[in-house]
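In what follows, a structure is listed as structure tokens, so that the remarks can point back to it.
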Amino acid sequence: MLMRNAPFLAAILAGLILAGRLTAQTVVPAPPDLPVEPAPPKMQLWEALVLGVVEGVTEYLPISSTGHLIVTQRLLGISVETPEAKDAADAFAICIQAGAILAVLGLYFPSVRRMMLGLLGRDPEGLRLAIALVTAFLPALVFGLLLNKAIKAVLFGMWPVIFAWIVGGIVILAVARKPKPSAEGQGGLPVPDLRQALLIGCFQCVAMWPGTSRSLMAIVGGIVVGMGMRRAVEFSFLLGVITLGAATVKDGLEFGPLMLETYGLPALVTGAIAAFASAVLAVRWLVGYLNQHGLQIFGWYRIVAGLLAGAWLLR
Numbered sequence: 045m046l047m048r049n050a051p052f053l054a055a056i057l058a059g060l061i062l063a064g065r066l067t068a069q070t071v072v073p074a075p076p077d078l079p080v081e082p083a084p085p086k087m088q089l090w091e092a093l094v095l096g097v098v099e100g101v102t103e104y105l106p107i108s109s110t111g112h113l114i115v116t117q118r119l120l121g122i123s124v125e126t127p128e129a130k131d132a133a134d135a136f137a138i139c140i141q142a143g144a145i146l147a148v149l150g151l152y153f154p155s156v157r158r159m160m161l162g163l164l165g166r167d168p169e170g171l172r173l174a175i176a177l178v179t180a181f182l183p184a185l186v187f188g189l190l191l192n193k194a195i196k197a198v199l200f201g202m203w204p205v206i207f208a209w210i211v212g213g214i215v216i217l218a219v220a221r222k223p224k225p226s227a228e229g230q231g232g233l234p235v236p237d238l239r240q241a242l243l244i245g246c247f248q249c250v251a252m253w254p255g256t257s258r259s260l261m262a263i264v265g266g267i268v269v270g271m272g273m274r275r276a277v278e279f280s281f282l283l284g285v286i287t288l289g290a291a292t293v294k295d296g297l298e299f300g301p302l303m304l305e306t307y308g309l310p311a312l313v314t315g316a317i318a319a320f321a322s323a324v325l326a327v328r329w330l331v332g333y334l335n336q337h338g339l340q341i342f343g344w345y346r347i348v349a350g351l352l353a354g355a356w357l358l359r
């Protein structure tokens, strides 16, 4: 359903961007004889809405939410020219992930509940899943603490995203050629062993390069260690709750005041709500689609998107 409605959704987003642009051009100039104080670069609510929808739709699809947000910020004309503006924009893109996190917590609450019961000693399989998720998160925790500032300084730009889109698309097409494993049962939790979980976590670390896609690398890691598509996707979603949650808390504590001063609380709330609603739709659609059709369409999408974005930059 989401794929059939993609042109309609794209038209809505394009309309929002155009309407916002036209609205922004209707500002009445100040009288020439009065000094004009530079206005703080507050974000318009329509801009926050667009960014929230982009975040929610792309966060769990294997096409990279960070890459799409960087490109969308560029299209919207959101300033990242100064270090402070870039820190605020990057923090906003990360903090609205809270909406997408809540979407998965709601959709997969039975699994979350079983993990909570497992921690209380009442569900052994839930405990195994919780331990596997923490194990898979550890590589991102270590490398994130070591490399986060360098990655933001060097790789949060258009060309690194374009490169990652194209390479990631090629990886998807290569993985899609791998024979499908035997049919899995529909019950139970997606629980890899600790070695498999650690390897999935190492795959996820590759997604620290913007444009790669955290969900893509976690799904590919799950398939490589022998998990079926459905279980790999579910494990990727649940791992995202921990990984994205940690990133959101870290950036919120470090850059929250700057972000709120730059864009305002209403923009943050609008973006998070839009991310929540769009993530619910995207996750529901993705699970069914991947079970039926696999990853190939996302590989071609990434390659085409990368080529178009590169051509746009070189125009």
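For any residue, its number in my numbering is found by taking its place in the sequence shown, counting from 1, and adding 44.
The C-beta atom is built at its ideal place from N, Cα and C for all residues, glycine as well.
Among the residues of its own chain, which have a CB less than 6 Å from the CB of residue i, if the five just before and after it don't count?
i      : result
Ala83  : Confidence at Ala83 is low in this model, with a pLDDT of 47, below 50, so its placement is unreliable and the value that follows should be read with caution. If we look at Ala83 and ignore the five residues flanking it on each side, it has no Cβ neighbours.
Leu171 : Gly162
Leu120 : Glu91
Val313 : none
Ala137 : Leu113
Lys130 : Val124
Note down the Cα distance separating residue i from residue j, rounded to an integer number of angstroms.
i      : j      : result
Leu357 : Gly162 : 51 Å
Leu93  : Gly165 : 42 Å
Leu177 : Arg359 : 44 Å
Ile214 : Ile206 : 13 Å
Met303 : Ala311 : 10 Å
Val97  : Ala321 : 8 Å
Glu91  : Cys139 : 15 Å
Asp295 : Ala318 : 20 Å
Leu288 : Leu309 : 20 Å
Pro254 : Gly315 : 20 Å
Met261 : Arg346 : 14 Å
Leu330 : Cys246 : 23 Å
Glu99  : Ala180 : 23 Å
Val348 : Pro204 : 16 Å
Lys193 : Asp237 : 32 Å
Leu351 : Phe200 : 18 Å
Glu125 : Gln336 : 44 Å
Leu151 : Leu325 : 10 Å
Gly343 : Ser123 : 30 Å
Gln141 : Leu233 : 24 Å
Pro154 : Val198 : 40 Å
Leu182 : Pro301 : 28 Å
Gly338 : Val235 : 21 Å
Pro127 : Ile210 : 28 Å
Leu146 : Leu189 : 24 Å
Gly332 : Ala290 : 28 Å
Spatial neighbours of residue i within its chain, please: CB distance less than 7 Å, with the 5 preceding and 5 following residues excluded, ordered by chain position.
i      : result
Leu334 : Met273, Val277
Pro168 : Gly162
Thr256 : Ser108, Ala208, Gly212, Val250
Ile263 : Pro106, Ala276, Val277, Ser280
Thr412 : For the chain, the structure presents residues 45 to 359; residue 412 sits outside this window and is missing.
Val156 : Leu149
Leu191 : Met252
Phe187 : Cys249, Met252
Going by DSSP, what residue range makes up the alpha helix (DSSP H) through residue i?
i      : result
Gln117 : 109-120
Ala251 : Segment: none, Ala251 is in no alpha helix (DSSP H) and carries neither H nor E.
Thr292 : 273-307
Val384 : Because the chain here runs from 45 to 359, residue 384 falls outside it and cannot be looked at.
Gly188 : 168-199
Val264 : 258-268
Ser155 : 153-163
Ile140 : Unbroken run through Ile140: none, as it is neither H nor E.
Asp205 : Contrary to the premise, residue 205 reads as Val rather than Asp in this sequence. First-last of the alpha helix (DSSP H) with Val205: 202-220.
Arg346 : 340-358
In chain order, what residues of the same chain lie with their CB nearer than 8 Å to the CB of residue i, ignoring the 5 residues before and after it?
i      : result
Val148 : Tyr104, Phe281, Leu282, Gly284, Val285, Ala323, Val327
Gly243 : According to the sequence provided, residue 243 is Leu. The question's Gly does not apply to it. Gly265, Val268, Val269.
Lys86  : Thr306, Tyr307, Gly308, Ala311
With a cut-off of 8 Å on the beta carbons, I'd call residue i and residue j a contact; round off their distance for me.
i      : j      : result
Ala174 : Met159 : 4 Å
Ile216 : Met252 : That belief does not hold up - the Cβ atoms of Ile216 and Met252 are roughly 18 Å apart, past 8 Å.
Gln240 : Val269 : 4 Å
Ala132 : Thr292 : Going by Cβ atoms, the distance from Ala132 to Thr292 rounds to 15 Å, so no, they are not a contact pair.
Val115 : Ala353 : 6 Å
Ala218 : Gln340 : The Cβ separation is near 11 Å, so there is no contact.
Phe299 : Ala135 : 4 Å
Met202 : Arg118 : 6 Å
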